[in-house]
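Please read the structure below before turning to the comments.
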Amino acid sequence: MRKIVLLCNAGMSTSALVTKMRQAAEKINYECEINAYAAAEAANVAQSADIVFLGPQVKYMLSEVKEKVNPVPVEVIDMMVYGMMDGGKVINRAKEVLGDK
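Note that the sequence shown ends on residue 156 in the numbering used here; no numbers are left out.
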């Protein structure tokens with residue numbers, strides 16, 4: 056089971072996207088655990104993740120988060136994908152980065 060972590064300002068704005076991602080993953084039988092946290096918690100919560108996604112509002116933290124969670128891959132969610140709450144696209148990106156079919 057893959058562990059996917061989303062980081063944003065307070066961990067609140069990504070909660071709707073987490074729900075959409077869980078629904079999308081369930082539809083394709085992709086086993087994963089998805090949780091959202093405040094970006095300030097990155098070092099504590101993301102090191103055990105398989106992949107970390109940053110909300111577009113915290114993309115300025117990309118290099119800092121990458122440094123804290125290395126070697127875990129870190130991606131910024133596209134602003135359009137985030138705005139549309141397209142959980143399927145985020146799940147597909149996770150699968151692509153992780154090499155899952």
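We treat Cβ as the ideally placed atom computed from N, Cα and C, and that holds for glycine.
Just verifying my parser: in three-state terms, what is the DSSP assignment at residue i?
i           : result
residue 85  : coil
residue 132 : coil
residue 58  : strand
residue 127 : coil
residue 64  : coil
residue 93  : strand
Say whether chain C places a C-beta atom closer than 8 angstroms to the C-beta of residue i.
i           : result
residue 148 : Chain labels in this structure do not include chain C; a single protein chain is all it has.
State the Cα-Cα distance for the pair residue i and residue j, rounded to the nearest angstrom.
i           : j           : result
residue 102 : residue 58  : 10 angstroms
residue 129 : residue 123 : 10 angstroms
residue 68  : residue 85  : 23 angstroms
residue 65  : residue 80  : 24 angstroms
residue 87  : residue 98  : 20 angstroms
residue 133 : residue 150 : 16 angstroms
residue 118 : residue 125 : 10 angstroms
Round the Cβ separation of residue i and residue j to the nearest angstrom and send it over; I've been treating them as touching at under 8 angstroms.
i           : j           : result
residue 137 : residue 72  : 7 angstroms
residue 113 : residue 63  : 6 angstroms
residue 78  : residue 142 : 6 angstroms
residue 109 : residue 131 : 5 angstroms
residue 152 : residue 104 : That pair is no contact at about 12 angstroms.
residue 70  : residue 91  : 6 angstroms
Are there 16 or more other CB atoms within 10 angstroms of the CB of residue i, so buried, or fewer, so exposed?
i           : result
residue 83  : exposed
residue 56  : exposed
residue 135 : exposed
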